[in-house]
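If you use the working numbering, the sequence shown corresponds to residues 23 to 111, in order. Data block below; observations after.
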Amino acid sequence: MKTHNGTLVVRNGQLIDGNGGPPVPNAVVVAVDGRITWVGPAAAAPPVPPDATVIDAAGGSILPGLVEAHFHPTYFNVAALEDLDIKYP
23 MKTHNGTLVV
33 RNGQLIDGNG
43 GPPVPNAVVV
53 AVDGRITWVG
63 PAAAAPPVPP
73 DATVIDAAGG
83 SILPGLVEAH
93 FHPTYFNVAA
103 LEDLDIKYP
């Protein structure tokens, strides 16, 4: 997994944390050396270091990474649908 060295700040986006709460408008996420160190509304955010990489998420949303873990292990080495032990229309 590729990580960012130093401080990364993502700001001005709507934060959706995935826990079911309401979105947080004008949010900030701070990560240092690839680890999230602060998340919340911009009004309460820590100062941005001068050497930080800043991403402006204005008009967008900030949300946890999504992983597509869906796969079909029975489909490997299958030349035709008839080779599978499934029913299809």
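Cβ atoms here follow ideal geometry from the backbone N, Cα and C, with glycine treated the same way.
Looking only at L30, A79 and N99, the smallest Cα-Cα distance to R57 is reached by L30.
Taking C-beta atoms as the reference points, L88 and I38 fail to come closer than 9 Å.
In this structure R33 touches A64 by the C-beta definition: roughly 6 Å separates them, less than 8 Å. Annotation for P45: Q36, L37 and I38 place their beta carbon closer than 7 Å to its own, counting only its chain and skipping 5 residues before and after. C-alpha of N48 to C-alpha of F93: approximately 36 Å in a straight line. Using a Cβ distance threshold of 9 Å, P71 and W60 do not count as a contacting pair.
If you ignore the 5 residues before and after V52, its C-beta comes within less than 6 Å of the C-beta of V31, T59 and W60, all in its own chain and listed in chain order. Nearest Cα to G43 within the set D55, D105 and G62: G62.
A residue is called buried once 16 or more other Cβ atoms fall within 10 Å of its Cβ, and V100, having fewer, is exposed.
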